[in-house]
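Scroll down for the structure; my scribbles are underneath it.
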Amino acid sequence: MDQFLVVFVDGINYAAWLFLSAVGLTLIYGVMKIVNVAHGSFYSLGAYVSATVVGLWFRYGFDPYLSYLALFVAALLAGFVVGPPIERFLLRYQYDKDEVVILLITYGLFLILEDVIKLIWGVDPYFVSEPYELLGNFEFASMTYPSYYILMVVLALLVGLTLMFVLKKTQFGRMLISVIHDREISSAMGINVGKIFILTFGAGCSLAALAGAFTAPTISVTPGLGVEVIVLSFAVVVTGGLGSMAGVALASIIMGLVRAFCIHFAPELELFVIFSVMALVLSFRPRGLFSLAESRKI
Amino acid sequence: MKFIQGLSVSLISTFIASSAFSQTAPVAPPEVRIGVVTFLSGPAASPFGVPARNAAELMIEQFNAGTAPAPYNQKGFGGSNIKMVLIDENGSSTSVVTEFRNLIQREKVDMVVGYISSGNCLAITPVAEELKTITLLFDCGTPRIFEEGKKDYVFRASNHATADSVGAALYLNSLKIKAKNYGGINQNYAWGQDSWKDFDGSMKVLFPGSSVTTSQMPKLFAGQYSGEISALLSSKSEVIHTSLWGGDLEAFILQSAPRGLYKSSSVILTTGETAMFRLANKIPDGTIIGARGPYGVLAPKSPLNDWYRATFTDRYNTAPNYTSYQMTQSIMSAKLAWEKAQAANNGARPTAEQVAAAMRGSTVEGPGGVHKFALSNGHQAVSETAYGRSKLVKGAMTLVDVKRFTADQVMPPDGIKSEDWIAKGFKK
Amino acid sequence: MTQQISLKKLTLLALPLLVASPWMPQWMLFMVTIAMANGLVGLGLMLFLRAGLVSFGQALYFCVGAYTTGLISHFFKFNEVLILLLLSALASGVLAFALGFLLAKYRAIFFGLLSLAFSMILYGLLAKSEALGSTDGFNIPAVTLMGWLPPSDLVRVSILWVAFITVGICLIFINGLIRSPRGLLLTAIRDNEIRTEYMGGSARKTIHLIYVIAGVLAGLGGAIAAIAVGHIDPTMAFWTTSGEFIFITILGGIGSVLAPFLGALVFGVIHTLAFSNSPNTWQLLIGSTLIFVILLLPDGLWSLTSKFKRVK
């Protein structure tokens, strides 16, 4: 019984991380129909910026408990400073082209950002583990867990609920939904699609950066951090259904639990469990778990 | 728009033409060109690639200036200036082989020192033999290089990976650490799989009756080990082995230490030396740390080592780690062989075959102590290896309870594969 | 629109290259061979592009082709190159036929990502398999051409000739395919699939066919690459390899069946230049080149040839 509880806790923790990593990608795709390969770079950027900011925070002796706020702000900075200019000056001119073209541009951006990050921060690893250690541990099911897990889960819930609230209850959210369904008509109705796009892209990149920022205290921040995240995020997003928040959440939970189960009972299968889940889901539900109803134009 | 397109055409065709027809190597006869291949991007850059590049840069500078201590005090290689041609090892094996060929056939290097990834080593070895160019594999661990046929031009100046895991098991044995069961967490690719296999095999010989609790195999570069750590904690292993390296190792340490893994088990970090200073106060005392050989703080004391550490730290503001030592060992081996071959050639520039003949079976003393090209027809070098336990002394990380093991104890002799040698109880 | 290339034009282009090959430097022979192999995969991708699809998982068949060649020559010690190529094509084709039943139902990004998933699953399987050398892979011994083992200085040239001939045969076949009714259906599918079905054309069957053909092409490419490099490993199935193939296809454009080969060649040159001139920032260079090409030459490099014709 204890073992299953352990699997559950590990699964939920991993699910929270997957959700945070992937939600930005699905937001951007849902609204802008762009597959943002540079998503991984923003994750990386978020990790590096937060490592620097929080490193300074502790060096100047500010309140350690407010360092979480610093992490949050660092991520927003990373996302909104770098993201919107890319959308405004590069991607905007490509919307009339094929989806693939934009995907390739973001792929090129990913390559460029990898080296830019390396040029700015060098190849040495950065450590910013104080926020992680500050919270101590907790005991559950005869196992010790870092309380940081709870923070991640809470953060994932917060992000998820905020996004849902914004989408369903605010006017901005309703505009977003209309753009998701039909860009042209929304524009014809007077919605400033350009503004929505910039804000969404900035938000999506910031969410990726947020995931990176809050992961940074648990790892050593090194080059190449974002590469793994891209593929995992894609798998989660596609399984959940492109553009669906609920889909990403459910897919994260499923994959997190399946993976945790594998680790404890069949560790050799861990390597391709995520893709197998994705292939399995897509075989039965070709557009993912929750897909947006799209009208076909005849 | 037409203008821009015309411009882009001319730019692209200039690129193509210049690459196809340019002589990129202005070879003045007295120069020795060494191709250096190591990871300059990606996750292996920081723990291995860049320290190795720095070591190569440093040694070549020192040699060219003639400021290295004897027997390395001749300028350059036997009087000829050394020029380094640096290439990133990152990329698919096709790209790695392409760049290797380019190094030799276009850049006209006289020898190549490089390769951290075992896959790359295996891919370029037959090409090195085909192109008859001396190639020193300075870091990759796979024992397979010399298991598959005789080589004439490919050398490895330090132990291969079997020594690490066998050494770890021997260390446990020498300190009589309790090991009635053991578990592991290793990356799920060749390096991790082989390391675990060697360790598991060694433990079965040295601790008969011990059993495996769990073998966690996370994806390479996973970075998130919460599930694996939970599995290890619930397995209640007395010993935990890991060959995790670089960012993965550091993430693992950061995530596992606060959860008490090191209190309940003896943890062995076979490549721990690269992380031990950066993470000094995060590594609990008593963690068993290896440096893939007698390198870093495990290097035997010698004037050469003192000079090396001082010069390196002076230049790069950080101490050399084991990859730096391995690169240095390779370049020193090359220098000695070149000069020996040149002397035997009456001072004329030696051919690759002559250098190879000089390197075969030679003994090279580097900052990591004595290494002898004793195996595989004189192409695979062996040296002792060492392990120690971590202890924070006045806030500084040191290794105590250091035990050394001779080359015979940790490297399989000629004619037998590593896993068979281990299974047969390390028969001489 | 994709130009068809006549047999005459093909021989006119290939002949001088073939004749010059014994005198070309070895490294150039190697690069051109790899470009041929990559171009074959790009050819398959180009067919997909005509139908409005992008496959992010062609590396799967590239890897299958390479491993078929590798396994047979390494473990069964059989190294007649023509048989190896045939068997690789067959293995890839059979796998593509099987997976095609599932994949032909998907469109747009789902097609791309599902194909990616399968290539990553293969990667996982191979990386785990210690018998196949895991991530280190294994080496391939020299191959023979109808029993003749080329002496070491002729190895590069002979592999290049084999690659050329394979590519030539594929080109003739694809040429014919594009002209055929089935081939013309591809564009129809991209424009409006529902109308195509109303006309009586089966989108699913056509895409299934294209999927198999692209798989075979990629398998041949993988086999040639394996023979040229002499080493195979699981990274041949990794998503970054698929990314390179897509880069090559976009670089070349879809203007002609020859375009992917031009793209592959230029990519090889750019890659080498980036490595040797800026070993610390080559990713930056390649990423910038990709964006540069997409922005300024949206129809790929091949569009330059037609632009020059119009300028007259």
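Going down the list, the sequences are from chains H, B and F.
According to my numbering, the residues represented by the first sequence are 404 to 701, in order.
According to my numbering, the residues represented by the second sequence are 755 to 1182, in order.
According to my numbering, the residues represented by the third sequence are 20 to 331, in order.
Note that beta-carbon positions come from the ideal geometry of N, C-alpha and C, so glycine has one too.
Chain B within 9 Å of residue i, Cβ atoms only
i: M55 of chain F; result: no
i: T154 of chain F; result: yes
i: N158 of chain F; result: yes
i: V60 of chain F; result: no
i: G627 of chain H; result: yes
i: Q711 of chain H; result: Past the boundaries of the shown model lies residue 711 of chain H; chain H is included only from 404 to 701, so the question cannot be answered.
i: M546 of chain H; result: yes
i: F280 of chain F; result: no
Short Cβ contact (9 Å threshold) for residue i with residue j
i: F449 of chain H; j: A559 of chain H; result: The sequence shown places Gly at residue 449 of chain H, rather than the Phe named in the question. Contact flag unset, no.
i: M1165 of chain B; j: T916 of chain B; result: yes
i: V412 of chain H; j: Y552 of chain H; result: yes
i: V438 of chain H; j: L506 of chain H; result: yes
i: K973 of chain B; j: N942 of chain B; result: yes
i: A923 of chain B; j: F953 of chain B; result: yes
i: S846 of chain B; j: F257 of chain F; result: yes
Test: residue i CB closer than 9 Å to a CB of chain F
i: I515 of chain H; result: yes
i: Q777 of chain B; result: Any reading at Q777 of chain B must be qualified, since the residue scores a pLDDT of 46, below 50, and its modelled position is unreliable; the value itself is stated next. For Q777 of chain B, the answer is no, since every Cβ of chain F falls outside 9 Å of its Cβ.
i: E861 of chain B; result: yes
i: A944 of chain B; result: yes
i: T879 of chain B; result: yes
i: V866 of chain B; result: no
is_contact[residue i, chain D] using C-beta, thresh 9 Å
i: N299 of chain F; result: No chain D appears in this structure, whose protein chains are H, B and F.
8 Å Cβ shell around residue i - same chain, five flanking residues per side excluded
i: R898 of chain B; result: S872 and L876
i: A33 of chain F; result: F183 and G187
i: R491 of chain H; result: I601
i: S470 of chain H; result: V457, W460, F461, E533, P534 and L537
Inter-residue CB distance, residue i and residue j (contact presumed, cutoff 8 Å)
i: M987 of chain B; j: I1007 of chain B; result: Here residue 987 of chain B is Leu; the residue named in the question, Met, does not match the sequence. That belief does not hold up - the Cβ atoms of L987 of chain B and I1007 of chain B are roughly 15 Å apart, past 8 Å.
i: V881 of chain B; j: V839 of chain B; result: So it is not a contact: roughly 17 Å between Cβ atoms.
i: S698 of chain B; j: P528 of chain H; result: Since the first and last residues shown for chain B are 755 and 1182, residue 698 of chain B lies out of range.
i: I489 of chain H; j: T603 of chain H; result: The Cβ separation is near 13 Å, so there is no contact.
i: S134 of chain F; j: G238 of chain F; result: 14 Å between Cβ atoms; not a contact.
Same chain, Cβ closer than 6 Å to residue i, neighbours up to 5 away in sequence not counted
i: G427 of chain H; result: G607, L610 and A611
i: G576 of chain H; result: V569 and L570
i: A779 of chain B; result: Confidence is the limiting factor: at A779 of chain B the pLDDT is only 48, short of 50, which leaves the residue's position unreliable, though a coordinate-based value still follows. Excluding sequence neighbours, A779 of chain B sits near E861 and K862.
i: A619 of chain H; result: A450, S453, A454 and V531
Neighbour flag for residue i against chain H, beta carbons, 9 Å
i: E785 of chain B; result: no
i: G319 of chain F; result: no
i: Q337 of chain F; result: In the structure as shown, chain F starts at 20 and stops at 331, and residue 337 of chain F therefore has no counterpart that could be examined.
i: T308 of chain F; result: yes
i: A1150 of chain B; result: no
i: T971 of chain B; result: It should be pointed out that residue 971 of chain B corresponds to Met in this sequence rather than to Thr. It does; some Cβ of chain H falls within 9 Å.
i: E843 of chain B; result: no
i: K1126 of chain B; result: no
i: A985 of chain B; result: yes
i: F769 of chain B; result: Confidence in F769 of chain B is poor, its pLDDT being 48 and thus under 50, which makes the residue's placement too unreliable to answer from.
i: L144 of chain F; result: yes
Own chain residues within Cβ distance below 7 Å of residue i, not counting five before or after
i: W524 of chain H; result: Y451
i: F137 of chain F; result: G76, L79 and L118
i: K1075 of chain B; result: Rather than Lys, the amino acid found at residue 1075 of chain B in this sequence is Asn. If we look at N1075 of chain B and ignore the five residues flanking it on each side, its Cβ neighbours are P805, E1027, T1028 and G1050.
i: T968 of chain B; result: G937, A985, L986 and S989
i: L653 of chain H; result: G643 and L692
i: V1154 of chain B; result: G1142, R1143 and K1145
i: G89 of chain F; result: F157, I159, A245 and I251
heavy atom of the ligand PLP below 8 Å from residue i C-beta
i: S532 of chain H; result: As presented, the structure is devoid of all ligands, the ligand PLP included, so that no description of it is given.
(message) With three or more C-beta pairs closer than 8 Å as the rule, is the stretch 569-580 of chain H touching the stretch 659-677 of chain H?
(response) No, the stretch 659-677 of chain H does not touch the stretch 569-580 of chain H.
(message) Under 8 Å, with one C-beta from each stretch per pair, do the stretch 1136-1146 of chain B and the stretch 994-1013 of chain B reach the 3-pair mark?
(response) Counting C-beta pairs with one atom in each stretch, the stretch 1136-1146 of chain B and the stretch 994-1013 of chain B have fewer than three that are closer than 8 Å, which means they do not touch.
(request) Examine the Cβ distances between the stretch 206-223 of chain F and the stretch 301-311 of chain F and report whether three or more of them are shorter than 8 Å. (result) Not touching, per the Cβ criterion.
(request) Decide yes or no for the touch test of the stretch 441-448 of chain H against the stretch 680-689 of chain H: beta carbon pairs closer than 8 Å, at least 3 of them. (result) As far as the Cβ criterion goes, the stretch 441-448 of chain H does not touch the stretch 680-689 of chain H, which means the pair count is below three.
(request) Answer yes if the stretch 280-297 of chain F comes into contact with the stretch 99-106 of chain F, meaning at least three C-beta pairs across the two stretches below 8 Å, and no otherwise. (result) Short answer: they don't touch.
(message) Taking 8 Å as the cut-off, does the stretch 1082-1091 of chain B touch the stretch 810-829 of chain B (at least 3 CB pairs, one atom from each stretch)?
(response) They touch, by the three-pair rule.
(request) Report yes or no: do three or more beta-carbon pairs, one from the stretch 259-276 of chain F and one from the stretch 37-47 of chain F, lie closer than 8 Å? (result) Three or more Cβ pairs closer than 8 Å define a contact, and the stretch 259-276 of chain F falls short of that threshold against the stretch 37-47 of chain F.
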